[in-house]
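Position one of the sequence shown corresponds to residue 1 (the UniProt record's numbering), numbered consecutively onward.
Glycine is no exception: its CB is placed at the ideal position from the N, C-alpha and C atoms.
Reading through the structure tokens given below for one structure.
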Amino acid sequence: MVRSLLARGKIPKSFWPEALNWSIHVLNRSPTFYVQNMTPEEAWSGQKPAEDDFKIFGCIAYAHVPNEKKKKLDDKGEKCVFLGISEASKAYKLFNPLTKKIVTNKDVIFDEESTRNWNGQQPTQVIFDSDDEEERQQLLQQQIPTVSIPESPLNDTPTAAETSSTTAESNVVAESRLHRVRKRPAWMQDFERKAMNEDIESIEKNNSWELVELPKGQKSIGVKWVYKTKLNKDGGVDKYKARLVAKGYKQEFRVDYKEVFAPVAKLDTICLVLSMATQNLWSIHQLDVKSEFLHGELEEEVYIEQTPGYVKQGYENQVYRLKKAPYGLKQALRAWYSRIDAYFTEEGFIKCPYEHTIYTKYGVDKKILILCLYVDDLIYTSNNKTMLADFKKSMMKEFDMTDMGLMHYFLGIEVVQSSAGVFISQRKYALEILDKFMLKDCNSVITPSEVGLKLSKSGAGKRVDSTLYKQIVGSLMYLTSTRPDIMHAVNLISRYMENPTEVHLLAAKRIFRYLKGTVDFRIYTKGNSGAIAWSLKKQQIVTLSTTEAEFVAAASSSCQAIWLRRLLEVLHNQQQGPTVIYCDNLSVIKLSKNLVLHGRSKHIDVRYHFLRDLCKDGVIDLVFCKSEDQIANILTKPLKPAVFMKLRSMLGVSWSYFYAFVVMALLS
């Protein structure tokens, strides 16, 4: 079928993956002997195939050009070639002969009687959208022949290494360009060659391996190149990186590795350190470790194959025995953490027993230095400039590091430090997902969800693509790291990812419409103002009354409060007096302060009654507040616009420039 599709339109053979995908699409929607009275697609999804989805492969298609991308006299559409339907967005997949790009577009007019005259010419370069590239590479990785040219560090001929698309950080777009079958532009080859050489130099500088014969009974693990275009906070290109990665998925437990766990800092911890530093008017700085995993010592005996494009002449049959843990090994993160943890201990740092990624170092006259570790990113602050300078000097001497200066971009989160306080946001990411889901031009709304909104799993409505719906929910879930005001709405739509309908999708789109109008909003914190931790989840038990539900919630809040108090105690910022928890239920307050057991509360689990002990010991104090002043309500229910905006402001989420204006007005 693939040959027939290519032959009919005289389409170049380089488009065989698209022809294969379209063949699979058609066969899954065609009658078959094994499934009676329905197609395989209908048997799987419960939906009948739509007739509009079937177009002639390779026919002419005119893709609509949005107004913002064309001038007044430009054509309203671009002449393209139909290559199928994108599984990522359910849009049409088209090849644009002018730009030589494969793009997706939902607004298309087809001319199925016409085909493109290729004139026997093969496209010299084809650029793919990120969603389609991963799909294409999965087909290519099993078909590409192996070619190795040791004389050149960058092989123009494709190798047998597998390709991958990596999304470990929200600011990194990863591609395995080395293993493409199409020719790359010359300017990109220079960046790749330079980045690869730098990575090999870093590996050899750290004495990470040695070339040996593979011992009998041992096996070697393959490697591959992964390329990254690292972006800055403005969305521009920061630098191009190449990383040699071991194929850790081929490792065997208790043979090539044992323990793999390593702690990373929680966002709550990072926000707490930011808040405390802001309260004391301390500056927060940032360091980034280059090739951090190459510093971790390996305990196991692991062998890897020689690097594609860097095979040693005369030693083609030998392998590398690893001394350090490269990227991709399952135990790489644990090895790196063990290495840096040992170094901090040698330097006199004390590890926090309640958060193993926080370290403190004390000097004379109440001098203190606090650092927080997240894999290879370190943020640190101190009340003494000398301690800051000495720490940075010692770290850069021990490890190959980059001084990032004042903290401004951390884990995809934008941080702005000023004398007025600290602002954190994910503005760039919010704009990216609005553009990704084609909602950047939508009309904004005041609240993320409608009052009285009720969704159900068995609700009526046409089913929508569950893959797209899951992508939407996942993107919004990550955004809740700095936007607690959308937490409830995102939590609500996340309950229906298995069988979403148009009603659920409409609720999800409303969140994007809310983001469109609040894309510049940030969390503002200065000392005792602004949220540093928030959580929303269903209770694990079935409560029988409002009082019982509020009592269980207060007990859960107390657990978080105790942990934060202990962290502050370690950071020499011990809280004086009890932690206040505001509650809008008088019965809960009375139940927490009085040892009463009556018919409506005697069945409550004993573990929740430790709240009484905390109140008795002066650790927690439940204080009554009116429902309209209960900030937690923004996380539990849809609210009217006036109440929502009031609680959002009390939460610390607002337009950052508003606070700057207030500060300037007060100073003047």
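Given a threshold of 16 other Cβ atoms within 10 Å of its Cβ, counted over all protein chains shown, does Leu6 qualify as buried or as exposed? Stepping through the sequence shown from its first residue, residue 6 is reached at position 6. Leu6 comes out buried.
Quick one: is His572 buried, meaning 16 or more other Cβ sit within 10 Å of its Cβ, or exposed? As a working mapping, residue 572 is identified with position 572 in the sequence shown. Looking at its Cβ environment, which holds fewer than 16 other Cβ atoms inside 10 Å, His572 is exposed.
My output table needs one value for Thr525: the three-state DSSP class, helix, strand or coil. Working through the sequence shown from its first residue, we reach residue 525 at position 525. Strand, per DSSP.
Which one of Ile56, Ser14, Tyr62, Val35 has the shortest CA to CA distance from Val26? As a first step, residue 26 must be located in the sequence shown, where it is residue number 26. Residue Ile56 is the option with its Cα nearest to Val26.
Cα-Cα separation, Ser436 to Arg321: Here residue 436 corresponds to residue number 436 of the sequence shown, with the count starting at 1. Here residue 321 corresponds to residue number 321 of the sequence shown, with the count starting at 1. Note that residue 436 is Lys in the sequence shown here, rather than Ser. Approximately 43 Å between the Cα atoms of the pair.
Gln22 - DSSP class collapsed to helix/strand/coil: Sequence index remark: in the sequence shown, residue 22 carries index 22 (1-based). Position check: residue 22 holds Trp in this sequence, whereas Gln was assumed. Correct three-state label for Trp22: helix.
Restricting to Cα atoms, I'd like to know which of Val264, Ser338, Val273, Ala262 is closest to Leu298. Locating residue 298 in the sequence shown gives position 298, counting from the first residue. That would be Ser338, whose Cα lies nearest to the Cα of Leu298.
My output table needs one value for residue 680: the three-state DSSP class, helix, strand or coil. Missing from the structure shown is residue 680; the chain here goes from 1 to 668 and no further.
Which runs of the beta strand (DSSP E) at least 3 residues long sit entirely within the stretch 372-414? Give them in chain order. Correct list: 377-382, 401-406.
Please list, in chain order, all residues of the same chain as Glu135 whose beta carbon is under 6 Å from its beta carbon, the five residues on each side excluded. Walking along the sequence shown from the start, residue 135 turns up at place 135. With a pLDDT of only 44 at Glu135, under 50, the local geometry of the prediction cannot be trusted, and the value read off the model is given with reservation. So the list is empty, once near-sequence residues are dropped.
Please report the distance separating the alpha-carbon of His285 from that of Ser86. Within the sequence shown, the letter at position 285 stands for residue 285. Within the sequence shown, the letter at position 86 stands for residue 86. In a straight line, the C-alpha of His285 is about 44 Å away from that of Ser86.
From Gln630 to Leu536, what distance separates their C-alpha atoms? What you label residue 630 is simply residue 630 of the sequence shown in a count that begins at 1. What you label residue 536 is simply residue 536 of the sequence shown in a count that begins at 1. C-alpha separation (whole angstroms): 15 Å.
For Gly58, the nearest candidate out of Cys80, Thr546, Ala43, Ala265 (CA to CA): Taking the sequence shown and counting its residues from 1, one reaches residue 58 at position 58. A check of alpha carbon separations from Gly58 across Cys80, Thr546, Ala43, Ala265 identifies Cys80 as the nearest.
Straight-line Cα distance separating Val416 from Val623: Position 623 of the sequence shown holds residue 623. Position 416 of the sequence shown holds residue 416. Distance between the alpha carbons of Val623 and Val416: 34 Å.
For Arg565 and Ile200, I'd like the C-alpha separation in whole angstroms. Within the sequence shown, residue 565 is the residue found at index 565, counting from 1. Within the sequence shown, residue 200 is the residue found at index 200, counting from 1. Across the structure, Arg565 and Ile200 are spaced so that their CA atoms are roughly 46 Å apart.
Per-residue DSSP class, three states only, for Ile56: Position 56 of the sequence shown holds residue 56. It is coil, neither helix nor strand.
Could you tell me which residues DSSP puts in a beta bridge with Val422? For the purposes of this step, residue 422 is taken as residue 422 along the sequence shown, with counting starting at 1. Val422 is bridged to Gln417, Thr525.
Along the beta strand (DSSP E) that carries Ser114, what are the first and last residues, could you check? As a first step, residue 114 is located in the sequence shown; it is residue number 114 there, counting from the start. Counting along the chain, the beta strand (DSSP E) containing Ser114 begins and ends at 108-115.
C-beta contact flag for Val653 and Arg510 at 8 Å: To locate residue 653, count along the sequence shown from 1; it is residue 653. To locate residue 510, count along the sequence shown from 1; it is residue 510. In terms of Cβ geometry, Val653 and Arg510 do not form a close pair [threshold 8 Å].
Can you say whether Thr636 is buried or exposed, counting buried as having 16 or more other CB atoms within 10 angstroms of its CB? By one-based count along the sequence shown, residue 636 stands at place 636. Exposed, by the Cβ-count rule.
Which residues in the same chain have their Cβ closer than 7 Å to the Cβ of Ala465, if we skip the five residues on either side of it in sequence? Counting from 1 along the sequence shown, the entry for residue 465 is found at position 465. According to the sequence as given, residue 465 is Asp; it is not Ala. Only Lys90 meet the Cβ criterion.
Nearest-angstrom Cα distance between residue 679 and Tyr240? This structure cannot settle anything about residue 679, because the visible part of the chain is limited to 1 through 668.
Excluding the 5 residues flanking Pro31 on each side, which residues of the same chain have their C-beta closer than 7 Å to its C-beta? Sequence index remark: in the sequence shown, residue 31 carries index 31 (1-based). Thr39.
For residue 703, the residue or residues it bridges with in DSSP: It is not possible to answer for residue 703, since the shown part of the chain is limited to 1 through 668.
For Phe253, the residue or residues it bridges with in DSSP: Counting from 1 along the sequence shown, the entry for residue 253 is found at position 253. Answer is Tyr257.
Please say whether Thr381 and Val273 have beta carbons closer to each other than 8 Å? Here residue 273 is taken as the residue at index 273 of the sequence shown, counted from 1. Here residue 381 is taken as the residue at index 381 of the sequence shown, counted from 1. Yes.
When you compare each of Ile604, Lys428, Lys516 to Gln540 by their alpha carbons, which one comes out closest? Position 540 of the sequence shown holds residue 540. Of the listed residues, the one whose Cα sits closest to Gln540 is Ile604.
Beta-bridge pairing of Lys70 - partner residues as DSSP gives them: The residue you call residue 70 lines up with position 70 of the sequence shown. In the DSSP output, where bridge partners are listed per residue, Lys70 has none listed.
Leaving aside the five residues before and after Glu550 along the sequence, list all residues of the same chain whose C-beta is less than 6 Å from its C-beta, in chain order. Counted from its first residue, the sequence shown places residue 550 at position 550. For Glu550, where only same-chain residues beyond five positions count, the Cβ hits under 6 Å are Asn585, Val588.
With a Cβ-Cβ cutoff of 8 Å, do Asp400 and Leu651 count as a contact? Locating residue 400 in the sequence shown gives position 400, counting from the first residue. Locating residue 651 in the sequence shown gives position 651, counting from the first residue. Not closer than 8 Å, so no.
Excluding sequence positions up to five away, which residues of its chain have a Cβ less than 8 Å from the Cβ of Met477? Position 477 of the sequence shown, counted from the first residue, corresponds to residue 477. Contacts found: Val490, Ser494.
Quick check on this structure: which residue in Leu267, Asn317, Gln313, Ala262 has the alpha carbon closest to the alpha carbon of Phe293? Translated into the one-based positions of the sequence shown, residue 293 becomes position 293. Of the listed residues, the one whose Cα sits closest to Phe293 is Ala262.
With Asn644 as the anchor, note down where its beta strand (DSSP E) starts and where it stops. Position 644 of the sequence shown, counting from 1, holds the residue named residue 644. A small correction: the amino acid at residue 644 is Phe; Asn does not occupy that position in the sequence shown. Element bounds for Phe644: not the beta strand (DSSP E) but the alpha helix (DSSP H), 641-651.
What is the DSSP secondary structure of Phe349, reduced to helix, strand or coil? As a working mapping, residue 349 is identified with position 349 in the sequence shown. Phe349 falls in the coil class under three-state DSSP.
Minimum C-alpha distance to Lys10 - residue among Arg254, Ala43, Thr115, His408: Numbered from its first residue, the sequence shown carries residue 10 at position 10. Of the listed residues, the one whose Cα sits closest to Lys10 is Thr115.
Just to check my reading of the structure: Gly296 and Ala332 have Cβ atoms closer than 8 Å, yes? What is that Cβ distance to the nearest angstrom? Within the sequence shown, numbered from 1, the residue matching residue 296 stands at position 296. Within the sequence shown, numbered from 1, the residue matching residue 332 stands at position 332. Their Cβ separation, rounded to whole angstroms, is 6 Å, which keeps Gly296 and Ala332 in contact under 8 Å.
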